[in-house]
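Residue numbers (my numbering): 0 to 472.
Given below as structure tokens:
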């Protein structure tokens, strides 16, 4: 249970003796002591940006077994001091961030939370906030501020301009201001949410975008694994657009996937494939057009989605980032290098249909707190669905071109298999299947990370969207 302490008041923020308007340019003795508990990829990213900005007192720790290696890693890094455990970090830090996975947050806060310095500010860099909120309320002393955060991007993506959620849960305005100033070196744009709103938004941006995208990736991997393909690029049919973004980053089996969304994706994939098999042109066209109208707006009507500049401003953005070699142009082919062979793009048809069936309008959250990967998935789907010619070509291929039919069948089987795997509630089963599929692409993970990060940055650079709902730091 939380220890009983001094109740927070408007003057409690001065308990630490740190001015809320402090900056890295302030005298070092005025700098806040910044604590990072957990030095995985995100903790390391925060330490780097904060130290590079000039903060002089950054105290970090990780698991006890990593103490020596962590100390060696940072022995020559000004401003970063490695401590042995979270007790030492918590008792000295004016601002403590728990950068641990949501599944471990309760245990870690239970152990180190009671050691938190009086009047300090505590944050958590978890992607699912409900467990974090429960742990903070249960184990942190009452005289501690809670201003949590969440950078909505991976560690390999530059934080510049990316959404950074700030959650003022139990804190004064001065405490929030101090957190804003501490994190300002990331140059992210602040998005202010409650714990509850955060989980709703991320469910729609990460689970619908990345979760479904990851399932599509896993289904694609299972399909290629079953067929023995390493890469479809260079075959007689054009690569599925999905494959252009399946390599955004190395997937991690322990990240959350929402079962309801995955179940609907599986249903969408199966039902669309049945329409393909029966040759129900009217039924397939009606279903796909309805999904397009719900998600991207009806063509010719002046709604928000239709008036937006497209995320992918040109096909060049897709073509620039490929791990495989593009097929050489064949002058004898009637397609030459001007037209792509037919492709059903079943994965994208199913993803947009899933969004529509669940009533998700992704552009609503795109402006608020879109992750780079969510922006990517919307952009690729938008590229197909907002072009009548490309969409009709995909529908025609789905109905009449059988060259992809065996691949699409494997994709459907893969999607259903993953959905069933998740519905069983067995993490070990999911993990085993995931690792088996991921091993198929293992030789390409390093290149994929580089290409994916560059691709995300190119899309962010080309985006003309203006953020009118969030406050820039």
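Note that beta-carbon positions come from the ideal geometry of N, C-alpha and C, so glycine has one too.
Fill in: Close beta carbons around residue 192, own chain, < 7 Å, minus the five adjacent residues each side
Along the chain shown, read from residue 1 onward, the residue named residue 192 stands at position 193. 164, 166, 200.
Practice prompt. Reducing DSSP to helix, strand and coil, say where residue 169 ends up.
Written response: The residue you call residue 169 lines up with position 170 of the chain shown. Three-state result, residue 169: strand.
Fill in: Nearest-angstrom Cα separation, counted from residue 278 out to residue 331
Reading the chain shown from its first residue, position 332 is the one you call residue 331. Reading the chain shown from its first residue, position 279 is the one you call residue 278. Model confidence at residue 331 stands at a pLDDT of 34, short of 50, so the residue's coordinates are unreliable; what they give is reported in the following sentence. Distance between the alpha carbons of residue 331 and residue 278: 31 Å.
Practice prompt. Rounded to whole angstroms, what's the CA-CA distance from residue 142 to residue 53? Just pull it up for me.
Written response: Residue 142 sits at position 143 when you count from the first residue of the chain shown. Residue 53 sits at position 54 when you count from the first residue of the chain shown. Residue 142 and residue 53: Cα-Cα distance of roughly 29 Å.
Discussion item. Only counting the same chain, and skipping five residues up and downstream in sequence, which positions put a Cβ closer than 7 Å to that of residue 357?
Written reply: The sequence position of residue 357 within the chain shown is 358, counting from 1. 260, 263.
Worksheet item: Cα separation between residue 98 and residue 347?
Response: Along the chain shown, one-based indexing puts residue 98 at 99. Along the chain shown, one-based indexing puts residue 347 at 348. Residue 98 and residue 347: Cα-Cα distance of roughly 34 Å.
Worksheet item: How about residue 104 and residue 146: do their beta carbons lie closer than 8 Å?
Response: The residue given as residue 104 occupies position 105 in the chain shown. The residue given as residue 146 occupies position 147 in the chain shown. Not a contact, by the Cβ cut-off of 8 Å.
Worksheet item: In terms of residue numbering, what span does the beta strand (DSSP E) encompassing residue 148 cover?
Response: Numbered from 1 along the chain shown, position 149 holds the residue referred to as residue 148. Unbroken beta strand (DSSP E) run through residue 148: 144-150.
Worksheet item: Exposed or buried, residue 474, counting other C-beta atoms within 10 Å across all chains shown (16 or more means buried)?
Response: Outside the displayed range of the chain (0 to 472) lies residue 474, so it cannot be described from this structure.
Practice prompt. Just tell me which of 62, 65, 352, 134 has its CA closest to the CA of residue 123.
Written response: The residue you call residue 123 lines up with position 124 of the chain shown. Closest by alpha carbon: 134.
Discussion item. Comparing C-alpha positions only, which one of 174, 283, 64 sits nearest to residue 391?
Written reply: The count along the chain shown starts at 1 and reaches residue 391 at position 392. It is 283 whose Cα lies nearest to the Cα of residue 391.
Worksheet item: Does the beta-carbon of residue 423 have 16 or more other beta-carbons within 10 angstroms, so that it is buried, or is it exposed?
Response: By 1-based counting over the chain shown, the position of residue 423 is 424. Flag for residue 423 reads exposed.
Discussion item. The alpha helix (DSSP H) that contains residue 353, what's its start and end?
Written reply: Numbered from 1 along the chain shown, position 354 holds the residue referred to as residue 353. Per DSSP, residue 353 belongs to the alpha helix (DSSP H) from 345-356.
Worksheet entry | Where residue 420 falls: helix, strand or coil (DSSP) | Reading the chain shown from its first residue, position 421 is the one you call residue 420. The answer is helix: DSSP assigns residue 420 an H, G or I state.
Practice prompt. With distances taken Cα to Cα, identify the nearest neighbour of residue 184 among 132, 63, 403, 44.
Written response: For the purposes of this step, residue 184 is taken as the residue at position 185 of the chain shown. The option with the nearest alpha carbon to residue 184 is 44.
Fill in: Rounded straight-line distance, which links the Cα of residue 411 to that of residue 404
The residue labelled residue 404 in the question sits at position 405 within the chain shown. The residue labelled residue 411 in the question sits at position 412 within the chain shown. Straight-line Cα distance between these residues: approximately 10 Å.
Worksheet entry | Cβ neighbours of residue 280 in the same chain (closer than 6 Å, five flanking residues each side left out) | Against the chain shown, residue 280 aligns to sequence position 281. Result list for residue 280: 398, in chain order.
Item to complete: Give the single residue among 276, 174, 140, 188 whose Cα lies nearest to the Cα of residue 157.
Response: Counted from its first residue, the chain shown places residue 157 at position 158. When only C-alpha atoms are compared, the closest one is 188.
Practice prompt. Consult DSSP for residue 162 and reduce its assignment to one of helix, strand or coil.
Written response: Taking the chain shown and counting its residues from 1, the one referred to as residue 162 is at position 163. Three-state result, residue 162: strand.
Practice prompt. Can you have a look at residue 74 and say buried or exposed, based on whether 16 or more other CB atoms are within 10 angstroms of its CB?
Written response: On the chain shown, position 75 is the one that residue 74 refers to. Exposed, because fewer than 16 other Cβ atoms sit within 10 Å of the Cβ of residue 74.
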